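**Student:**
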Amino acid sequence: MGPRSTLFPVKHVIALDVGGTGMKAALIGADGELLHRARRPTGRDRGPEAVVAGILDFAAELRAHGIDRHGEAAVAAGVAVPGIVDEARGVAVHAVNLGWRDVPLRALLTERLGGIPVALGHDVRTGGLAEGRIGAGRGADRFLFVPLGTGIAGAIGIDGRVEAGAHGFAGEIGHIVVRPGGAPCPCGQRGCLERYASAAAVSEAWAAACGDPGADAADCAKAVESGDARARQVWQEAVDALADGLVTALTLLDPRALIIGGGLAEAGETLFTPLREAVRRRVTFQKLPTLVPATLGDTAGCLGAGLLARDLIDGTTGPTGPTDPTDPTDPTDPSEVTT
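In this text, residue positions in the sequence shown follow UniProt numbering: the first is 1, and each later residue adds one.
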């Protein structure tokens with residue numbers, strides 16, 4: 001990183017992406033330059049309080065690193081977390097995999113980081129923000145980002161921001177019902193898209209079809225490429241379900257670009273060639289958007305968190321609504337934390 005320079009301090013922001021098992025972080029300069037990157041385990045096995053403490057400690061270490069190496073403290077911070085997030089109030093409402101309930105994470109981080117502005121974002125929407133502004137959707141005024149992982153979520157991009165919705169649920173395309181009366185979903189419905197087209201769903205279907213309980217979606221993709229008829233059937237069923245969900249979404253949202261990411265997208269054209277064709281067959285009056293793979297990979301969340309932070313100091317509206325940490329209507333208080 002080079003020696004510390006107090007003659008030429010570097011303005012930068014802290015970016016932190018908190019996952020179920022690991023945290024990715026960066027210090028990002030005003031021009032988008034990555035000044036420093038770091039990773040560490042989330043430590044969820046130690047309980048929700050320990051996870052919060054770990055996030056605060058990690059952020060404080062990043063702040064200290066910035067002072068030591070770049071001559072001044074970070075001017076803002078952005079944090080992406082999983083689960084249900086109230087971005088306007090800066091509260092992590094609920095995250096099953098971290099055991100959180102109503103954690104006022106923005107207020108806690110603001111206090112720990114010396115009062116700098118802090119933005120809190122949902123992990124998928126934050127990753128979508130990065131893909132839309134600086135990744136695969138760059139230049140598109142309206143886009144839909146859909147990562148296909150253990151589940152399926154989505155981020156709706158409009159004019160450089162990502163829509164959260166009135167209650168924080170905007171973009172949950174994985175719970176569009178594509179097979180009425182079909183497989184039960186943990187959300188309480190039957191036939192949800194993520195029960196048919198997520199990486200987890202394809203893994204489950206292929207393991208049953210090939211008789212190998214350890215087989216996964218990547219194995220299915222390889223079998224498709226080798227011409228296995230059973231794999232092709234499993235894969236096509238997933239592609240058809242995904243196309244049904246995407247066409248429903250594009251009918252409602254009319255995006256200019258559909259950006260597909262997550263583990264299933266790593267299959268490349270094994271996924272994208274039949275998916276483009278399946279979507280094309282389903283559209284009638286709708287305008288067909290470009291359908292492209294995500295380009296930022298697992299850095300999207302961290303880069304998006306940096307964009308959230310940069311928006312705060314640039315005076316722009318946050319990607320999912322106002323994110324002013326000094327909002328007098330914000331009822332949370334750092335002294336009232338509960339996890």
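No residue lacks a Cβ here, since even glycine has one placed at the ideal position from N, Cα and C. Given the structure is predicted, the values throughout are model-derived calculations rather than measurements.
At the level of alpha carbons, what is the spacing between E163 and F169?
**Tutor:** As a first step, residue 163 is located in the sequence shown; it is residue number 163 there, counting from the start. As a first step, residue 169 is located in the sequence shown; it is residue number 169 there, counting from the start. Cα-Cα distance, rounded: 9 Å.
**Student:** Looking at C-beta atoms only, is the number of pairs between the region 75-83 and the region 121-132 that lie closer than 8 Å three or more?
**Tutor:** Yes, since at least three Cβ pairs between the region 75-83 and the region 121-132 fall closer than 8 Å, the two stretches touch.
**Student:** Bridge partners of W100, per DSSP?
**Tutor:** Sequence index remark: in the sequence shown, residue 100 carries index 100 (1-based). DSSP, once it has assigned bridges, lists A95 as partnering W100.
**Student:** If you pair each beta-carbon of the region 137-152 with each one of the region 105-113, do three or more pairs fall below 8 Å?
**Tutor:** Flag = no, the region 137-152 and the region 105-113 do not touch.
**Student:** Any idea if L252 is buried or exposed, counting beta-carbon neighbours within 10 angstroms, 16 or more meaning buried?
**Tutor:** Taking the first residue of the sequence shown as 1, we reach residue 252 at position 252. The residue is exposed, with fewer than 16 neighbouring Cβ atoms inside 10 Å.
**Student:** Please report how far the alpha carbon of L275 lies from the alpha carbon of V283, in whole angstroms.
**Tutor:** As a first step, residue 275 must be located in the sequence shown, where it is residue number 275. As a first step, residue 283 must be located in the sequence shown, where it is residue number 283. For L275 and V283, the distance between alpha carbons rounds to 13 Å.
**Student:** I need the DSSP call for D17, collapsed to helix, strand or coil.
**Tutor:** Numbered from its first residue, the sequence shown carries residue 17 at position 17. Correct three-state label for D17: strand.
**Student:** When the Cα of G301 is compared with those of I55, R280, P41, L129, which residue comes out closest?
**Tutor:** One-based indexing of the sequence shown puts residue 301 at position 301. With distances taken between Cα atoms, G301 lies closest to L129.
**Student:** May I have the straight-line CA-CA distance separating A249 from I67, to the nearest angstrom?
**Tutor:** Counted from its first residue, the sequence shown places residue 249 at position 249. Counted from its first residue, the sequence shown places residue 67 at position 67. So the alpha carbons of these two residues sit roughly 45 Å apart.
**Student:** Using CA atoms only, rank isn't needed, just tell me which of A265, A197, L303 is closest to A25.
**Tutor:** Numbered from its first residue, the sequence shown carries residue 25 at position 25. Comparing Cα positions, the closest option is L303.
**Student:** What's the call for S226, buried or exposed, on a 16-neighbour Cβ count within 10 Å?
**Tutor:** Counting from one through the sequence shown, the residue named residue 226 turns up at place 226. When all chains shown are included, S226 counts as exposed.
**Student:** I'd like the span of the beta strand (DSSP E) that includes E163, first residue to last.
**Tutor:** Looking up residue 163 in the sequence shown gives position 163. Taken as a continuous stretch (DSSP letters only), the beta strand (DSSP E) holding E163 covers 161-163.
**Student:** Is it buried or exposed for I14, if we count other Cβ within 10 angstroms and need 16 for buried?
**Tutor:** By one-based count along the sequence shown, residue 14 stands at place 14. By the 10 Å Cβ count, I14 comes out buried.
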